[in-house]
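Student:
Number of protein chains: 2
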Amino acid sequence: MNVHLPGLSRVAVCGGTHGNELSGVYLVREMLRVGTGDEDVSMQTVLSNPLATELCRRYLDTDLNRCFTHAALNGPLPDPAPYEIVRARELNAMLGPKGSPRAVDLVCDLHNSTSNMGLCLINFSDCDWISLHIYRHLQREMPDIPVRYIHLDVPDKDSFSVASVGKHGFALEIGPQPHGVVRSNIYSAMKEGLQHILDWVRLFNSGVVFKGGPVDVFTTVGHVDYPRDGDTQNITAAIHPQLQDRDFCLLHPGDPLFQTFSGQSVSYKGSQALYPFFINECAYYEKGVALYLATKRTFTIPAVRVLKEDYQDVRFQSEEEEE
Amino acid sequence: MNVHLPGLSRVAVCGGTHGNELSGVYLVREMLRVGTGDEDVSMQTVLSNPLATELCRRYLDTDLNRCFTHAALNGPLPDPAPYEIVRARELNAMLGPKGSPRAVDLVCDLHNSTSNMGLCLINFSDCDWISLHIYRHLQREMPDIPVRYIHLDVPDKDSFSVASVGKHGFALEIGPQPHGVVRSNIYSAMKEGLQHILDWVRLFNSGVVFKGGPVDVFTTVGHVDYPRDGDTQNITAAIHPQLQDRDFCLLHPGDPLFQTFSGQSVSYKGSQALYPFFINECAYYEKGVALYLATKRTFTIPAVRVLKEDYQDVRFQSEEEEE
Chain D
8 MNVHLPGLSR VAVCGGTHGN ELSGVYLVRE MLRVGTGDED VSMQTVLSNP
58 LATELCRRYL DTDLNRCFTH AALNGPLPDP APYEIVRARE LNAMLGPKGS
108 PRAVDLVCDL HNSTSNMGLC LINFSDCDWI SLHIYRHLQR EMPDIPVRYI
158 HLDVPDKDSF SVASVGKHGF ALEIGPQPHG VVRSNIYSAM KEGLQHILDW
208 VRLFNSGVVF KGGPVDVFTT VGHVDYPRDG DTQNITAAIH PQLQDRDFCL
258 LHPGDPLFQT FSGQSVSYKG SQALYPFFIN ECAYYEKGVA LYLATKRTFT
308 IPAVRVLKED YQDVRFQSEE EEE
Chain U
8 MNVHLPGLSR VAVCGGTHGN ELSGVYLVRE MLRVGTGDED VSMQTVLSNP
58 LATELCRRYL DTDLNRCFTH AALNGPLPDP APYEIVRARE LNAMLGPKGS
108 PRAVDLVCDL HNSTSNMGLC LINFSDCDWI SLHIYRHLQR EMPDIPVRYI
158 HLDVPDKDSF SVASVGKHGF ALEIGPQPHG VVRSNIYSAM KEGLQHILDW
208 VRLFNSGVVF KGGPVDVFTT VGHVDYPRDG DTQNITAAIH PQLQDRDFCL
258 LHPGDPLFQT FSGQSVSYKG SQALYPFFIN ECAYYEKGVA LYLATKRTFT
308 IPAVRVLKED YQDVRFQSEE EEE
């Protein structure tokens, strides 16, 4: 049984939401330079935080990618207004308004991490069939890089990201890459991933049926902060060398977690084996997060095809059906 | 024939000269916490740029590690005075004055790089026997990490670094590590390297003869900037994937150098094979440096021992002679 879903006629690609995550910055600039040349899909290519990008900083006043809650978008504007709160409202007017029928159909927001994340789709929903089918498509098309789906389990009204402005949307997170640096391999993986995403959108719009099947989804259940000095709040340990770069490898109770700056091991005290990710992400030191922890579930998503009235292509497509 | 050199009774270890190079920041904080407990050597442990460290930025107003030229230390103070110019004068008063007999005997200034640098000693001199013997000592004691010596070939009066304030001194550069991140393996290598340096100083002060022998020295001869857009000055290419992380591997004319953001290769146009290093260092994008280029020379350094009147240990030391 196919789920019939509206076509995706308006897609936004955002980069530089964090101004020092350079793969997205340079990919968006490249797209703005060459144009998208797509007849079927209306594409908006957006440099989300131009001032932070100019300074090669994550943000000026506050993290833009936390400014898209209902409260931040619609509450009274603080005085003085943080730049990113103002910019979030501009982006919401351009791509949304969030939650309205006028919002773009799909937002793909490009990010980098210093963590060994491979390629991740990060979404507030675990039943957004569009994002989950794109996820499966990337897994099929990019066998050389691990592709994962992270479900941020927060109530709808608290969804906070640029991507949450679209009817569908996700952050496309790729690492490891130091912030303020662009590495060709990571840039190329992002470019290729985005190409596959846009290809999927075109196929979907043209009427291709995408068969259902199993997906693995990582759902966040918590995070762990670094050990810190009680007085200064400075961290007193780094991620343990045996854990560093092992994002998405199961962490068991008793496994080494940190190594203090004087050389002692600190083990994971949780009662349950969980999947760590965003291990030693640069931007999360200030947020008090050394790593996130997730459960992994496998479930089956339904087949999808575009609603008949939204077909953009009348050719018979069954030969192109996947798997 | 031994060169007899004055003892090294006063040593300074600096970290956080760049506030987002965290191995040095946390190693200096750890040393300040536990103390050095050294009877033979007077140690000063210095967090060089505390304000930048607090903000986890390279610098506030200008790069501190370029502020130690004769002109910057002694010229008229600009109004308003950049924080780092003022701080450089404080550090010069504390550890110098540069070029004077009162300057500390050895400065070891701790740095990190996003480049695959291994462990490097960076010095303005290629005939500082103390630094070169420490270099050989690190190569012997740390066989698991490549240890190299970079000679910055600029006139004495233009030497610009914190380390140039000491009678002897070098930057101890370790990578790869993203700025704003501390990785246990890099932190541990820095800690171990510093321990070996201080061990060498004690052995030298105690009268041990360090035999001469061959050393490889990389001398900078130039640098290459990224391809840039003529109008915006934005970079239009990243380091080629075949060159990325291959610091200190010979680059031949015609070898791939960059990959543009639209996917074309750009090759190295130089007429001479040279050794690239600081490949894709984050902090050098703004300096217009994609990589430095060096020649490599091998030459023999003389045996050294401390001047007889500076002996700190009267025990007979010949059993401890190295090699």
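Here the protein sequences come in this chain order: D and U. Throughout, the numbering used here is defined as the position within the first sequence, counted from one, plus 7. Throughout, the numbering used here is defined as the position within the second sequence, counted from one, plus 7. Heads up, the beta-carbon is just placed ideally off N, CA and C, and yes, glycines get one too. For clarity, every value in this text was computed on a predicted model and none was experimentally measured.
Can you tell which of D:Gly23, D:Asn27 and D:Pro13 has the C-alpha that lies nearest to the C-alpha of Pro185 (chain D)?
Tutor: Comparing Cα-Cα distances from Pro185 (chain D) to each of D:Gly23, D:Asn27 and D:Pro13, the minimum goes to D:Asn27.
Student: Could you name the residues that DSSP lists as bridge partners for Cys127 (chain U)?
Tutor: DSSP output for Cys127 (chain U) lists U:Arg155 and U:Glu180 as bridge partner(s).
Student: Could you name the residues that DSSP lists as bridge partners for Ile242 (chain D)?
Tutor: Bridge partners of Ile242 (chain D): D:Arg235.
Student: Between Ser325 (chain U) and chain D, is there a C-beta pair that is closer than 8 Å?
Tutor: With a pLDDT of only 42 at Ser325 (chain U), under 50, the local geometry of the prediction cannot be trusted, and the value read off the model is given with reservation. No - not a single Cβ of chain D is within 8 Å of the one on Ser325 (chain U).
Student: Which bits of chain U does Val189 (chain D) rub up against, with CB to CB less than 7 Å?
Tutor: Those are Ala245, listed as they occur along chain U.
Student: Going by the CB atoms, is the gap between Ala245 (chain D) and Val32 (chain U) shorter than 8 Å?
Tutor: No. Outside cutoff.
Student: Counting along the chain, where does the alpha helix (DSSP H) carrying Leu298 (chain U) start and finish?
Tutor: Counting along the chain, Leu298 (chain U) falls outside any alpha helix (DSSP H), though it belongs to the beta strand (DSSP E) covering Leu298 to Ile308.
Student: Which chain D residues are close to Arg36 (chain U), counting only those with a beta carbon under 8 Å from its beta carbon?
Tutor: Going along chain D in sequence order, the residues near Arg36 (chain U) (Cβ under 8 Å) are Asn241 and Phe268.
Student: Taking only beta-carbon atoms, is Tyr299 (chain D) less than 8 Å away from chain U?
Tutor: Chain U contact via Cβ: absent.
Student: When you compare only the Cα positions, how much space is there between Lys303 (chain U) and Asp223 (chain U)?
Tutor: Going by the C-alpha atoms only, they are around 7 Å apart.
Student: Does Thr69 (chain U) have its Cβ less than 8 Å from a Cβ in chain D?
Tutor: False, the Cβ-Cβ gap to chain D never drops below 8 Å.
Student: Residues of chain U with CB under 9 Å from Gln251 (chain D), in chain order?
Tutor: Neighbours of Gln251 (chain D) on chain U, chain order: Arg190, Ser191 and Asn192.
Student: What are the boundary residues of the beta strand (DSSP E) that Gln51 (chain D) is part of?
Tutor: That run of the beta strand (DSSP E) goes Ser49 to Leu54.
Student: Taking the alpha-carbon positions, what's the Pro234 (chain U) to Thr243 (chain U) distance?
Tutor: The straight-line gap from Cα to Cα measures roughly 6 Å.
Student: With a threshold of 6 Å on Cβ separation, who are the neighbours of Val20 (chain U) within its own chain once the five nearest residues in sequence on each side are excluded?
Tutor: Taken in chain order, the residues that qualify are Thr52 and Cys115.
Student: Determine the chain D residues that contact Cys289 (chain U) at a beta-carbon separation under 7 Å, and present them in chain order.
Tutor: The contacting residues are Pro185, Gly187 and Val188.
Student: Whole angstroms is fine: what's the gap from His25 (chain U)'s alpha carbon to Asp135 (chain U)'s?
Tutor: Cα to Cα, His25 (chain U) sits roughly 25 Å from Asp135 (chain U).
Student: Does the beta-carbon distance from Val313 (chain D) to Gly14 (chain D) come in below 8 Å?
Tutor: In contact: Val313 (chain D) and Gly14 (chain D) (Cβ atoms closer than 8 Å).
Student: Let me check understanding here. Comparing Cα to Cα, which of U:Thr76, U:Gly295, U:Ile92 and U:Gly106 lies closest to His175 (chain U)?
Tutor: The option with the nearest alpha carbon to His175 (chain U) is U:Gly106.
Student: Which residues in the same chain as Ser269 (chain U) place their Cβ atom closer than 6 Å to its Cβ, once the five residues preceding and following it in sequence are excluded?
Tutor: Result list for Ser269 (chain U): empty, nothing under 6 Å.
Student: For Val296 (chain D) and chain U, any beta-carbon pair shorter than 8 Å?
Tutor: So, not an interface residue.
Student: Which same chain residues end up closer than 7 Å to Phe177 (chain U) when comparing Cβ atoms and leaving out the 5 residues on each side of it in sequence?
Tutor: Excluding positions up to five away in sequence, the list reads Cys115, Leu128, Ile129, Asn130, Ser138 and Ala170.
Student: Kindly indicate which residue of D:Gly219, D:Tyr66, D:Ser55 and D:Met101 has the alpha-carbon position closest to the one of Glu293 (chain D).
Tutor: For Glu293 (chain D), the nearest C-alpha among the options comes from D:Tyr66.
Student: Please list, in chain order, all residues of the same chain as Cys63 (chain U) whose beta carbon is under 7 Å from its beta carbon, the five residues on each side excluded.
Tutor: These residues qualify, in order along the chain: Gly26, Asn27 and Gly187.
Student: Can you tell me the Cα-Cα spacing of Asp317 (chain U) and Asp47 (chain U), whole angstroms?
Tutor: C-alpha separation (whole angstroms): 12 Å.
Student: Listed from N- to C-terminal order along the chain, which residues in the region 120 to 138 of chain U have their beta-carbon within a distance smaller than 7 Å of any beta-carbon of chain D?
Tutor: Those residues of the region 120 to 138 of chain U that come within reach of chain D (Cβ to Cβ, closer than 7 Å) are Thr121.
Student: So, are the CB atoms of Leu34 (chain U) and Met197 (chain U) less than 8 Å apart?
Tutor: Yes, the pair counts as a contact, with Cβ atoms nearer than the cut-off.
Student: Is the region 117 to 127 of chain U close to the region 152 to 170 of chain U, with three or more CB pairs under 8 Å?
Tutor: They touch, by the three-pair rule.
Student: Under the rule that 16 or more other beta-carbon atoms within 10 Å means buried, what is Val321 (chain D), buried or exposed?
Tutor: In this prediction, Val321 (chain D) has a pLDDT of 42, which is less than 50 and means its spatial position is unreliable; what the coordinates show is noted afterwards. Val321 (chain D) comes out exposed.
Student: At least one CB of chain D closer than 8 Å to the CB of Tyr90 (chain U): is that the case?
Tutor: No, no contact with chain D.
Student: Return the chain-ordered ranges of every alpha helix (DSSP H) run that is complete within the region 164 to 223 of chain U and spans a minimum of 4 residues.
Tutor: Listed in chain order, they are 191 to 212.
Student: Quick check for students: name the residue ranges of the beta strand (DSSP E) that lie wholly in the region 95 to 151 of chain U, counting only runs of 3 or more.
Tutor: Listed in chain order, the complete beta strand (DSSP E) runs (minimum 3 residues) inside the region 95 to 151 of chain U are 113 to 119 and 125 to 130.
Student: Tell me the rounded alpha-carbon separation between Leu98 (chain U) and Leu54 (chain U).
Tutor: Rounded to the nearest angstrom, the two C-alpha atoms are 10 Å apart.
Student: Between Ala100 (chain D) and Arg253 (chain D), what straight-line distance do the alpha-carbon atoms span, to the nearest angstrom?
Tutor: So the alpha carbons of these two residues sit roughly 40 Å apart.
Student: Under 9 Å, CB to CB, which of the residues in the region 227 to 241 of chain D have a partner in chain U?
Tutor: Here the close residues are Asp236, Thr239 and Asn241.
Student: Suppose the cutoff is 8 Å on Cβ atoms and the five residues either side in sequence are ignored; what does the same chain contact list for Asp86 (chain D) look like?
Tutor: Cβ neighbours of Asp86 (chain D) beyond the five flanking positions: none.
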